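Just add 199 to wherever you are in the sequence shown, counting from 1, and you've got the numbering used here. In this text, a Cβ means the ideal position worked out from N, Cα and C, and glycines have one as well. Treat the numbers as computed from the prediction; the structure is a model and nothing was measured. Written out below as structure tokens is the structure these notes cover.
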Amino acid sequence: MEDIRDILVKILKKEDPNFVEESLDVKYVQSYKNERYDVFGEFQGTHGVYEFAISFDRKGNVKRNHINLVRPSELDKELHDKLK
Numbered sequence: 200m201e202d203i204r205d206i207l208v209k210i211l212k213k214e215d216p217n218f219v220e221e222s223l224d225v226k227y228v229q230s231y232k233n234e235r236y237d238v239f240g241e242f243q244g245t246h247g248v249y250e251f252a253i254s255f256d257r258k259g260n261v262k263r264n265h266i267n268l269v270r271p272s273e274l275d276k277e278l279h280d281k282l283k
């Protein structure tokens with residue numbers, strides 16, 4: 200699992216170099232004969248919280264890549280302030 204996470208971090212850094220590695224939350228991993236991995240989760244990026252669904256092989260070659268902003272930073276701060 201650790202090597203999958205390392206490959207995923209490299210892929211996400213290519214997409215958003217400012218993403219916070221400590222915020223990476225992998226929610227689902229599916230592997231196909233240890234040749235390909237489908238990974239779903241979320242992370243904190245430059246503009247807010249992102250969800251991702253990425254499919255890649257053991258060498259780090261991306262097959263499919265979907266990254267979506269689900270909560271902008273401003274909205275996130277506003278929600279935290281209201282919930283305090």
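Buried versus exposed, by CB contacts within 10 Å (16 or more), residue i
i: residue 243; result: buried
i: residue 278; result: exposed
i: residue 274; result: exposed
i: residue 249; result: buried
i: residue 236; result: buried
i: residue 219; result: exposed
Residue range of the unbroken alpha helix (DSSP H) whose run includes residue i
i: residue 273; result: 272-282
Helix, strand or coil at residue i according to DSSP, with G and I counted as helix
i: residue 219; result: coil
i: residue 257; result: coil
i: residue 262; result: strand
i: residue 180; result: Outside the modelled stretch of the chain, which goes from 200 to 283, sits residue 180, for which no answer is possible.
Beta bridge counterpart(s) of residue i as assigned by DSSP
i: residue 268; result: 249
Of all the beta strand (DSSP E) runs that stay within the bounds of the region 223-247, which reach a length of 3 or more residues?
-> 224-231, 235-243
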